[in-house]
Amino acid sequence: MSSPLPPPHVVFFPFPAQGHVNSMLKLAELMILSLPSDLEIRATFVNTEHNHHRLLQCSDVASRFASHPTFRFKTISDGLPLELPRTEEQLLKMFEYLKLTARDVVREVTVPGTCIIADGFLNFLINAGEETGTPVVMFHAIGACAFWTYFCIPRLIEAGELPIRGNEELNRTITTIPGMEGRLRCRDLPPLWRVANPFDSLLDFGTTQIRDAPKARGLIINTFDALEGPILGHIQAHCHNIYTVGPLNAHLRSRLLATKAASRYFLNSLLEEDRSCLEWLDKQPPRSVVYVSFGSIAVLKGEELMEYEIVAELKASTITMDRGCIVDWAPQEEVLAHPAIGGFLTHSGWNSTMESITAGVPMLCWPYFADQHPNSRFVSEFLGVGLDMKDMCDRTIVERMINDLMVDKRDELQSSAAEKVRLAREAVIEGGSSWVNLDSLIEDIRKMTVGKQ
Numbered sequence: 048m049s050s051p052l053p054p055p056h057v058v059f060f061p062f063p064a065q066g067h068v069n070s071m072l073k074l075a076e077l078m079i080l081s082l083p084s085d086l087e088i089r090a091t092f093v094n095t096e097h098n099h100h101r102l103l104q105c106s107d108v109a110s111r112f113a114s115h116p117t118f119r120f121k122t123i124s125d126g127l128p129l130e131l132p133r134t135e136e137q138l139l140k141m142f143e144y145l146k147l148t149a150r151d152v153v154r155e156v157t158v159p160g161t162c163i164i165a166d167g168f169l170n171f172l173i174n175a176g177e178e179t180g181t182p183v184v185m186f187h188a189i190g191a192c193a194f195w196t197y198f199c200i201p202r203l204i205e206a207g208e209l210p211i212r213g214n215e216e217l218n219r220t221i222t223t224i225p226g227m228e229g230r231l232r233c234r235d236l237p238p239l240w241r242v243a244n245p246f247d248s249l250l251d252f253g254t255t256q257i258r259d260a261p262k263a264r265g266l267i268i269n270t271f272d273a274l275e276g277p278i279l280g281h282i283q284a285h286c287h288n289i290y291t292v293g294p295l296n297a298h299l300r301s302r303l304l305a306t307k308a309a310s311r312y313f314l315n316s317l318l319e320e321d322r323s324c325l326e327w328l329d330k331q332p333p334r335s336v337v338y339v340s341f342g343s344i345a346v347l348k349g350e351e352l353m354e355y356e357i358v359a360e361l362k363a364s365t366i367t368m369d370r371g372c373i374v375d376w377a378p379q380e381e382v383l384a385h386p387a388i389g390g391f392l393t394h395s396g397w398n399s400t401m402e403s404i405t406a407g408v409p410m411l412c413w414p415y416f417a418d419q420h421p422n423s424r425f426v427s428e429f430l431g432v433g434l435d436m437k438d439m440c441d442r443t444i445v446e447r448m449i450n451d452l453m454v455d456k457r458d459e460l461q462s463s464a465a466e467k468v469r470l471a472r473e474a475v476i477e478g479g480s481s482w483v484n485l486d487s488l489i490e491d492i493r494k495m496t497v498g499k500q
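At position 411 of the sequence shown the residue is numbered 458 (the numbering used here), and the sequence of numbers has no breaks.
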């Protein structure tokens, strides 16, 4: 009699940045919570030594995952000294180091029955998986709209819409992205595309990461069908097996409720959260406060910070800012869910966008880099749940936009946001699109790994 096959082994491999680690951990925990009764999986989460140290210091992952005996963390180097801050300037260095060492890491963690879920910006893991005969599914921490925009870079270059030839072209309309014709402007593309040379290394970097997506066995996206359905249809023409399983934060809470467990917020932060802001919010009137956060990477210059001083100077008749509360890092999901929050001034990172949509909070979008620029346009022009404020703005513009967010356009934005909350909740309940897609992902991973035992 042959021995029973070992359970599938899933390796989660995020890009080493706060937003990517956070969303990949949510996906890992979501999959573990959602396993059918007849299936067990072994799970390995690959984390850099620097990030893992911070994660253990600032979150409860050690105690949370201790209840899952088949889950383990695997730490690796990112090629930088542990004490060096991981700023935007270091991201490319970490990427290049991980690219050089990926094959060795994959060989080390691969056992019979392994499937790798790789961050969408670690495309070199597809080749590393091919060399070891390991199926690779890509997980994108960006939305479908941003993914499709990146995917269409070659089309834009061929059509002469890239490169952007100067600031005078920033308001030029982009016409050759299928499904988005005439809805994006040059200024809505990532800033690294604002180059004169179509062979620029950063432009090529953005192209390469997305170009290889069709080679993967599947594509997981933190979105839901009712939010980005038309764009997902275009992506499906190029990529195998798309699994929309978001919003991850709401989906996790829904699965917990289904298992009769207490719903909670999931702390996966690499930065220590200051919860004192929640006590301050308890004292504020409903929907009177603008929450301001620009993520874990953006570094604002002096002239940009000057524009935010206008927030403190606005009249109390506009928003309640006669008193404010400043913390280094806030428990964002809980802040957004607080009844005192009336708007979110955000960098438009995709995690923040999805958390704001889930909470029903309208956004004022001031993107910093990467996918944040198409995200902010998507929020305003496609979804109608926020306002788009790009590039350098003077105080007059900032004041006007905040007044629109909190007063003049408040009812319109709140109504649209409430509709998106309803759609998000429908997606993550049992039988909803994201619930069904996650079950399909788990079953497909089981099938992928059976032949690899």
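All residues carry an ideal CB built from backbone N, CA and C; glycine is no exception.
- Here N94 is bridged, per DSSP, to T122.
- Separation of the CB atoms of L80 and R302 is rounded to 5 Å, and the pair is thereby assigned contact status at 8 Å.
- In the DSSP assignment, M185 is bridged to A165 and L266.
- Beta-bridge partners of L231 (DSSP): I221.
- Spanning the alpha carbons of W240 and H115 requires a straight line of approximately 43 Å.
- In this structure, I289 sits near I268, with a CB-CB distance shorter than 9 Å.
- Where I404 is concerned, the enclosing alpha helix (DSSP H) starts and stops at W397 to A406.
- Per DSSP, the unbroken beta strand (DSSP E) holding L434 starts and ends at G433 to D435.
- For H56, the enclosing beta strand (DSSP E) starts and ends at H56 to F60.
- For N422, the number of other beta carbons within 10 angstroms of its own is at least 16, and it is reported as buried.
- Looking at the backbone, the Cα of T117 and that of M495 are separated by about 19 Å.
- Beta-bridge analysis with DSSP links F429 to no other residue.
- Distance check between L77 and each of L145, G390, N69 and L295 places L295 closest, using alpha-carbon atoms only.
- For I476, there is no enclosing beta strand (DSSP E), since its DSSP letter is neither H nor E.
- In the pairwise beta carbon analysis, the region 391-401 is classified as not touching the region 198-215: fewer than three pairs are separated by under 8 Å.
- Cβ-Cβ distances below 7 Å link V158 to H56 in the same chain, with the five nearest sequence neighbours on each side left out; the list follows chain order.
- Residue state for C372 is assigned as coil, using DSSP reduced to three classes.
- Straight-line measurement puts the Cα of V108 at about 20 Å from the Cα of S124.
- Judged by DSSP secondary structure, L392 falls within the beta strand (DSSP E) whose first and last residues are I388 to T393.
- A direct Cα-to-Cα measurement between V432 and Y144 gives close to 39 Å.
- By the 16-neighbour rule on beta-carbons within 10 angstroms, R424 is buried.
- When the beta-carbon positions are compared, C233 and I224 stay at least 9 Å from each other.
- Excluding its 5 nearest sequence neighbours in each direction, W413 has C-beta neighbours in its own chain below 6 Å: M436, listed in chain order.
- For C412, the pairing in a beta bridge is given by DSSP as T393 and D435.
- Relative to A90, the option among P54, N315, N170 and V426 whose CA is nearest is P54.
- In the displayed model, S340 falls within a strand according to three-state DSSP.
- Beta-carbon to beta-carbon, D166 and H281 are separated by about 22 Å, too far to satisfy the 8 Å threshold.
- The Cβ atoms of S340 and P409 do not sit closer than 9 Å to each other.
- The DSSP-derived three-state label of T117 is coil.
- The straight-line gap separating the alpha-carbon atoms of S399 and M141 is approximately 24 Å.
- P238 places its beta carbon 9 Å or farther from that of L209.
- The three-state secondary structure of T196, taken from DSSP, is helix.
- Put simply, the backbone Cα of L383 is about 16 Å away from that of R469.
- Distance from the CA atom of S403 to the CA atom of C440, rounded to whole angstroms, is 23 Å.
- Counting of Cβ neighbours within 10 angstroms places T134 among the exposed residues, the total staying below 16.
- Excluding its 5 nearest sequence neighbours in each direction, P333 has C-beta neighbours in its own chain below 7 Å: P386 and A387, listed in chain order.
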